[in-house]
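FYI, in our numbering the residues of the sequence shown are 81 to 344. Where is the CB? At the ideal position from N, CA and C, for every residue including glycine.
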Amino acid sequence: MQMNTNITLPEELHPFRDLIFETLRPYIQLLPREPRELLPWESKIGGLPYLPADREYPTASDGSPLWLLAQVNFEEAPALSPFPTQGLLQFFIYDDAFYGLNLDNPFEQGRFRVLYHPVIQKAAADLQSDFSFLGEARFLPIEAGVSHPLEFKLGHELAPPSDYQFEALLGEGFFEVFGAEQWEVQSRYSRAALSSRHKIGGYAFFCQEDPRNLEEPMELLFQLGSSDQFNCMWGDMGVANFFICRDALQRADFSRVRYHWDCY
Numbered sequence: 081m082q083m084n085t086n087i088t089l090p091e092e093l094h095p096f097r098d099l100i101f102e103t104l105r106p107y108i109q110l111l112p113r114e115p116r117e118l119l120p121w122e123s124k125i126g127g128l129p130y131l132p133a134d135r136e137y138p139t140a141s142d143g144s145p146l147w148l149l150a151q152v153n154f155e156e157a158p159a160l161s162p163f164p165t166q167g168l169l170q171f172f173i174y175d176d177a178f179y180g181l182n183l184d185n186p187f188e189q190g191r192f193r194v195l196y197h198p199v200i201q202k203a204a205a206d207l208q209s210d211f212s213f214l215g216e217a218r219f220l221p222i223e224a225g226v227s228h229p230l231e232f233k234l235g236h237e238l239a240p241p242s243d244y245q246f247e248a249l250l251g252e253g254f255f256e257v258f259g260a261e262q263w264e265v266q267s268r269y270s271r272a273a274l275s276s277r278h279k280i281g282g283y284a285f286f287c288q289e290d291p292r293n294l295e296e297p298m299e300l301l302f303q304l305g306s307s308d309q310f311n312c313m314w315g316d317m318g319v320a321n322f323f324i325c326r327d328a329l330q331r332a333d334f335s336r337v338r339y340h341w342d343c344y
């Protein structure tokens, strides 16, 4: 795969360059913009959600309202197949110490929710505007009710060693050929294949380990890490990921999404 990137491989890996660059994958990076008043349907981290008047506000299984973590308007973002090119995708989480994560069933959307609006309504009469029922939050990883506008940049990245597909892509024990230097070479490669950005698509980043497996391959849908830029903190400098099967993503079916976050 030939394309312009700023990725520099360790010299020891130059003989494997073609193999490694076959793992190159595109992603949409999420970057902060200057704070300003936003229209309800604009892309942002946090704040109050875009919500049509005829749609119920998302609630947890106990009836408590969920909180908007992020929303992405695909009409504002670069095209990235198989993600939608229009509509609005939203991520909601619960205000508790686990940020809505169900450790026993990370697919169960009882305390988080992913909503997709294929058609965006822009008339004020068609949108909800009173969210006073939300009250105050205690545990959210972001500042409740505060919006951080987003802009987007298309990028490319290599498969990191922490990715569950790494051995399938590059071979089992890929770094063992370097003998006593294998951990140093792997460490330098990991820096070249850093995947910790806030993004849509691409490779996921983990503080601990990848929870996915080859029996049910899943794509990274959305990733948001701890960041001063967004006043966001997942536990101890953690990161949150949302995953989806590729065929579901192609259908724009977000009913079965895996939510995960971990920290140091």
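Sequence-distant residues of its chain with Cβ nearer than 7 Å to residue i (five each side left out)
i: Gln-266; result: Pro-241, Phe-255
i: Ala-133; result: Asp-206, Leu-207, Gln-208
i: Pro-120; result: Tyr-130, Leu-207
i: Ala-248; result: Leu-294
CB of residue i within 9 Å of CB of residue j, strictly
i: Ile-125; j: Pro-112; result: yes
i: Asn-153; j: Ile-222; result: no
i: Leu-304; j: Leu-169; result: no
i: Phe-285; j: Leu-274; result: yes
i: Met-298; j: Arg-338; result: yes
i: Phe-172; j: Val-199; result: no
i: Phe-178; j: Arg-191; result: yes
i: Tyr-174; j: Ala-140; result: yes
i: Val-226; j: Gly-127; result: yes
i: Arg-346; j: Glu-102; result: Outside the shown range of the chain (81 to 344) lies residue 346, about which nothing can therefore be said.
i: Arg-277; j: Tyr-244; result: no
i: Tyr-283; j: Ala-239; result: yes
i: Thr-88; j: Ala-204; result: no
i: Glu-114; j: Leu-230; result: no
Span of the beta strand (DSSP E) around residue i
i: Ala-320; result: 319–324
i: Arg-193; result: 192–197
Per DSSP, cross-strand counterpart(s) of residue i
i: Ala-150; result: Ile-125, Phe-171
i: His-228; result: Ile-125
i: Phe-302; result: Phe-322
i: Lys-279; result: Gln-109, Gln-303
i: Thr-139; result: Pro-145
i: Leu-207; result: Pro-132
i: Cys-312; result: Ser-307
8 Å Cβ shell around residue i - same chain, five flanking residues per side excluded
i: Gln-82; result: Low local confidence applies: a pLDDT of 39 at Gln-82 is under 50, so the model's placement there is unreliable, and no value is given.
i: Lys-233; result: Ile-108, Gln-109, Leu-111, Pro-158
Where residue i falls: helix, strand or coil (DSSP)
i: Ile-108; result: strand
i: Leu-249; result: helix
i: Gly-215; result: coil
i: Arg-338; result: strand
i: Glu-91; result: helix
i: Gln-82; result: Bear in mind that a pLDDT of 39 at Gln-82, under 50, signals an unreliable position, so the number given afterwards is only what the model happens to contain. It is coil, neither helix nor strand.
i: Gly-235; result: strand
i: Leu-131; result: coil
i: Leu-329; result: helix
i: Glu-285; result: What sits at residue 285 in the sequence shown is Phe, not Glu. Coil at Phe-285, not helix or strand.
i: Phe-178; result: coil
i: Phe-255; result: helix
Extent of the continuous alpha helix (DSSP H) run through residue i
i: Tyr-269; result: 262–272
i: Leu-99; result: 97–101
Cβ shell of residue i (< 6 Å), same chain only, five flanking positions each side left out
i: Ala-51; result: Residue 51 falls outside the range modelled here, since the chain spans only 81 to 344, and no answer is possible.
i: Asn-84; result: Summary for Asn-84: the model assigns pLDDT 47, below 50, so the residue's position carries little reliability; its value from the coordinates is reported in the next sentence. None.
i: Leu-214; result: Pro-145
i: Tyr-344; result: Cys-287, Asp-316, Met-317
i: Gly-235; result: Tyr-107, Gln-109
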